[in-house]
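Undergrad: The number in the working numbering is simply the position in the sequence shown, starting from 1, with 67 added. Positions of the beta carbon are idealized from the N, C-alpha and C atoms, including for glycine. Predicted, not measured: the structure shown is a model, and the values here were computed from it. The structure's right below; bear with me while I get my questions together.
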Amino acid sequence: MLNCGAMRPVIRFAVVLVVGLGLVAAFASVLFNKTAHSWFERDLALRAEIAMRGGRQAFVENWGSRARLQALLTEMSHDERILSAAACSSDLRLVARTESFPSDLSCTRIGPKVHVGPGDRWAASAEPTSLPGGDAFVSAIPVADEEGHTLGFVVLVHDLSFIARREARTREFLFLMFGFLALAGAAVTIIAARLAARSWSNQLRKMLRGELEPQAQEFQPILGDVRELLEQLVSEKESETETGTWTADRLKQTLNRYLRGERIMIVANREPYLHEHAADGKIVAVHPASGLVTALEPIMRACSGVWIGHGSGSADREVTDKDDRVRVPPGEETYVIHRVWLSKQEEQGYYYGFSNEGLWPLCHNAHARPIFRSDDWERYKEVNARFVDAVCAEVDREDPVVLVQDYHFALVPRLLRERLPRATIIMFWHIPWPNSERLGICPWGNELLEGMLGASIVGFHTRFDCNNFMDCVDRFLEARIDREQNAVIQQGRSTLVRPYPISVEWPAQWLRDIPSVADCRKAVVEELGLPRDALIGVGVDRLDYTKGVEERFLAVERLLERHPAYRGRFTFVQLAAPSRTEIERYKDLNDTVTRLAERINARFGKDSYRPIVLLRSHHQPPTVFKYYRAADVCYVSSLHDGMNLVAKEFVSARDDERGVLVLSQFTGAARELSEALVVNPYDIDESSAALAAALAMTPMEQRDRMRAMRAFVAEFNVYRWAGRMLVDAARLRKRDRISWRLTHHLASAAVLRP
Ligand code: ADQ
């Protein structure tokens with residue numbers, strides 16, 4: 068069935084046909100009237116002659132008698148088409164006339180037009196005239212005797228009104244006929260168009276089903292577009308109905324299906340491999356234990372893409388080529404790192420300054436005052452532009468897929484959009500997004516929002532962050548907010564704002580060669596010189612004021628205060644990786660945490676027992692996992708955290724289904740891991756009570772809680788995070804491509820058409 072849109076041209080054609088045929092009918096009617104009129108006049112003249120032929124003898128014989136002539140004329144005018152008659156003498160005098168003969172018709176007026184043609188004694192003249200009763204036609208027929216002497220002529224006034232009646236009827240008939248023809252023509256056109264469209268769509272359908280080989284050239288573009296749309300719908304359906312665990316392989320297959328092996332660019336401050344000078348003088352590739360790197364590396368391996376990062380390893384420059392590129396991972400070389408070199412000044416302003424002294428405290432409710440310096444902002448803008456240059460140096464197409472990571476690059480999406488308008492850009496913000504009151508603190512808040520809105524999708528960990536972002540846009544920018552689609556529309560371009568809660572790989576690669584839980588515990592007990600029955604708590608963090616390490620230690624202190632039985636038995640091991648040590652606030656934190664641990668150890672320590680063990684260094688992942696497995700309780704006490712991967716890593720490490728997670732309510736993870744003991748880390752009493760409950764929890768309850776959390780993390784793992792985000796991007800991209808192609812086709816069609 069054709070829809071209204073498809074029928075519109077056909078209907079337009081039918082209307083033109085009807086109007087055209089109407090005009091033709093009008094023209095034909097005028098032409099026909101003219102011709103018919105002259106035919107009728109000739110006909111009348113002929114009839115007058117014939118009538119006179121019959122009566123000629125009587126006229127000749129009675130020419131001298133006025134009364135008889137009048138009688139003859141009256142008899143003639145009994146013919147319904149003869150209105151009146153008169154007889155004129157050859158010297159143009161009126162001899163006789165019927166009563167109704169018009170007075171303005173005189174013999175002298177008609178006479179000069181009567182003549183006798185050579186060899187034709189009955190030549191006549193005729194003239195149309197207008198009478199009060201309507202149109203009339205006057206004919207004059209000469210009357211001559213046997214010898215050919217002209218006696219005079221008879222004038223007949225014919226009634227022409229019947230011609231007008233006939234003409235009107237003819238006109239009606241003509242209009243009716245053309246009207247019928249027009250309607251029939253329009254109907255035939257519509258039926259023909261419908262049949263043609265049906266056969267066209269049948270052909271197209273068959274081609275799409277593969278039952279028919281496409282031959283016609285005109286089918287090629289539409290066939291391509293329709294197939295693409297169909298494939299998209301099918302894959303969308305499949306991905307929606309697909310269940311089961313996401314794995315690196317599934318992510319790879321999904322990316323191949325959706326992005327067909329296209330290279331993906333990642334823009335992240337940190338690189339996935341740093342090249343460092345080892346003690347023996349050799350250069351080694353170090354894989355940093357970062358949540359972001361873990362999450363994104365599988366994408367790179369699957370797509371052979373390019374990772375654009377800040378070259379920060381001591382030997383980075385030595386291994387890169389002249390284009391600042393190096394292939395990784397060592398031994399596999401499946402993707403490329405493009406290193407961007409930053410001067411000390413740039414690193415200071417962009418990374419330590421604007422990103423970490425400005426944006427980081429702005430986005431975290433951890434009571435650190437953000438510091439905004441205009442010099443830092445200038446460096447931030449410059450470095451963002453330099454990363455954009457690096458992306459543009461790597462792209463090999465007009466519409467690459469670019470994943471921009473984190474708060475270091477808020478301006479990159481807009482700058483990229485200006486240079487690559489058709490790119491699919493995903494901006495993922497790994498930390499919380501502030502509410503509009505807080506964003507107002509930043510002198511360049513609007514620029515940050517504008518910068519991020521250059522992306523096709525802006526992603527956060529939680530719906531709460533998405534809402535905060537939308538509220539800020541609503542408050543500070545001229546943009547339309549589509550709450551239903553969760554999108555921001557500016558100048559006709561839309562940016563989706565979506566929650567993509569990040570997670571960890573499942574199963575964790577570090578578990579592959581790791582000793583059993585019992586052996587891990589034994590190893591930790593030995594390393595730290597703990598009693599065999601020791602109860603172990605663990606915390607794993609970068610040393611950052613948002614992680615609530617001080618509050619954590621205070622909770623341990625309160626536990627020991629309230630539960631003296633744990634003194635000498637409970638040890639809390641804090642793995643603390645020094646972080647951003649160039650910044651004063653971080654140096655202070657380092658000192659405070661050290662002093663606090665010392666104070667608590669002094670208060671409750673005895674002999675070799677120290678309640679808090681502070682291992683201040685960056686540990687390799689197998690070591691971190693060993694501690695997760697050895698622990699009875701893991702305490703994540705962040706004051707504010709986008710997600711917190713430590714909580715999920717702890718769950719992934721516990722394949723023995725033991726151990727208790729005590730988790731701050733201010734982490735993104737707390738929204739997902741509801742079987743943890745969720746606490747307010749500022750409430751030291753509550754937190755210490757949760758630690759006590761964790762240490763006293765029965766193995767059965769531990770198992771139930773851990774099993775539920777493991778099922779969740781297994782399902783919602785990092786491959787799913789990356790997969791969902793990229794599948795969304797691929798869908799947007801396909802839609803954009805098709806709409807671009809259609810606009811492009813239409814534009815070129817408009818150019819061709821004059
Ligand atoms: P981070 O603030 O770094 O991440 P988190 O999510 O906990 O916080 O990730 C830390 C990672 O570093 C974990 O993989 C952990 O194992 C590792 N790590 C921590 N301390 C370590 C140590 N001492 N030695 C070795 N490894 C250590 C930011 C946001 C988070 C968000 C992540 C990912 O602040 O909210 O969850 O990005 O998006």
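Tell me the DSSP secondary structure of Met519 in three-state form.
TA: helix
Undergrad: Does DSSP put Tyr702 in a helix, in a strand, or in coil?
TA: strand
Undergrad: Looking at Gly709 and ligand 1, is the gap between the Cβ and the nearest heavy atom below 7 Å?
TA: yes
Undergrad: Would the beta-carbon of Ile498 be found less than 7 Å away from any heavy atom of ligand 1?
TA: yes
Undergrad: Who are the Cβ neighbours of Val373 in its own chain at under 6 Å, not counting the five residues just before and after it?
TA: Met332, Val403, His405, Glu461
Undergrad: Is the CB-CB distance between Trp313 and Arg774 below 8 Å?
TA: no
Undergrad: Beta carbon of Glu716: closer than 7 Å to some heavy atom of ligand 1?
TA: yes
Undergrad: Suppose only complete runs of 3+ residues qualify. What are the beta strand (DSSP E) ranges in the stretch 111 to 168, listed by chain order?
TA: 149 to 156, 161 to 164
Undergrad: Suppose you measure from the CA of Asp146 to the CA of Val210; what does that come to, to the nearest Å?
TA: 20 Å
Undergrad: Of the residues Asp803, Ala644, Glu214, which one's Cα is nearest the Cα of Thr562?
TA: Asp803
Undergrad: Tell me which residue opens and which closes the alpha helix (DSSP H) that Tyr695 is part of.
TA: Note, Tyr695: alpha helix (DSSP H), 688 to 697.
Undergrad: For Arg505, which residues from the same chain have a beta carbon less than 7 Å from its beta carbon, with the 5 sequence-adjacent residues on both sides left out?
TA: Here the set comprises Leu429.
Undergrad: Please state whether the Cβ-Cβ distance between Leu740 and Ala761 is less than 8 Å.
TA: No; because the gap between Cβ atoms is not below 8 Å, this pair is not in contact.
Undergrad: Just the C-alpha distance for Asp171 and Gly252, rounded to the nearest angstrom, thanks.
TA: 53 Å
Undergrad: How would you label Arg188, buried or exposed, when you count the other beta carbons within 10 angstroms and need 16 or more for buried?
TA: The pLDDT assigned to Arg188 is 36, lower than 50, so where the model puts this residue is not dependable; a value taken from the coordinates is nonetheless given after this. It counts as exposed.
Undergrad: Using 7 Å as the cut-off, classify the Cβ of Ser357 as near or not near the heavy atoms of ligand 1, replying yes or no.
TA: yes
Undergrad: Taking only the alpha-carbon atoms, compute the straight-line gap between Ser503 and Tyr676 and give it to the nearest angstrom.
TA: 48 Å
Undergrad: Quick one: measure Cβ to Cβ for Ile742 and Met776, integer angstroms, because I've assumed they're closer than 8 Å.
TA: Checking the displayed sequence, the identity of residue 742 turns out to be Glu instead of Ile. About 5 Å separates the two Cβ atoms, so the contact holds.
Undergrad: Just to confirm before moving on: does the CB-CB distance between Phe536 and Pro566 stay below 8 Å?
TA: no
Undergrad: Within a Cβ cutoff of 6 Å, which residues of the same chain sit near Arg489, ignoring the five residues on either side of it in sequence?
TA: Glu465, Asp466
Undergrad: Is the closest heavy atom of ligand 1 to the C-beta of Arg565 under 7 Å?
TA: no
Undergrad: Mark Leu597 as exposed unless 16 or more other C-beta atoms lie within 10 angstroms of its C-beta, in which case mark it buried.
TA: buried
Undergrad: Quick one: give me the first and last residue of the alpha helix (DSSP H) that Cys667 is part of.
TA: Residue identity differs from the one stated: residue 667 is Ile in this sequence, not Cys. Unbroken alpha helix (DSSP H) run through Ile667: 651 to 671.
Undergrad: Mind checking which residues open and close the alpha helix (DSSP H) that includes Gly376?
TA: Taken as a continuous stretch (DSSP letters only), Gly376 belongs to no alpha helix (DSSP H), being part of the beta strand (DSSP E) at 373 to 377.
Undergrad: With a cut-off of 8 Å, do at least 3 Cβ pairs link the stretch 604 to 613 to the stretch 635 to 645?
TA: yes
Undergrad: Report the rounded CA-to-CA distance for Arg238 versus Val162, giving the unit in angstroms.
TA: 42 Å
Undergrad: Using CA coordinates, which residue listed in Ala259, Glu594, Tyr653 is at the minimum distance from Ala81?
TA: Ala259
Undergrad: Does the beta-carbon distance from Val785 to Ala362 come in below 8 Å?
TA: In this structure, Val785 places its C-beta atom within 8 Å of the C-beta atom of Ala362.
Undergrad: Report yes or no: do the stretch 411 to 423 and the stretch 382 to 393 share at least 3 C-beta pairs separated by less than 8 Å?
TA: no
Undergrad: Is the CB-CB distance between Arg392 and Leu359 below 8 Å?
TA: no
Undergrad: Which stretch, first to last residue, makes up the alpha helix (DSSP H) that contains Gln769?
TA: 766 to 782
Undergrad: What first and last residue would you give for the alpha helix (DSSP H) that runs through Val450?
TA: 441 to 461
Undergrad: Look up Asp674 in the DSSP assignment and say whether it is helix, strand or coil.
TA: It is coil, neither helix nor strand.
Undergrad: Look at Gln769 and Asn747 and say whether their C-beta atoms are less than 8 Å apart.
TA: Not closer than 8 Å, so no.
Undergrad: In three-state terms, what does DSSP make of Ala632?
TA: helix
Undergrad: On the DSSP letters alone, give me the boundaries of the beta strand (DSSP E) that Gln472 sits inside.
TA: 468 to 472
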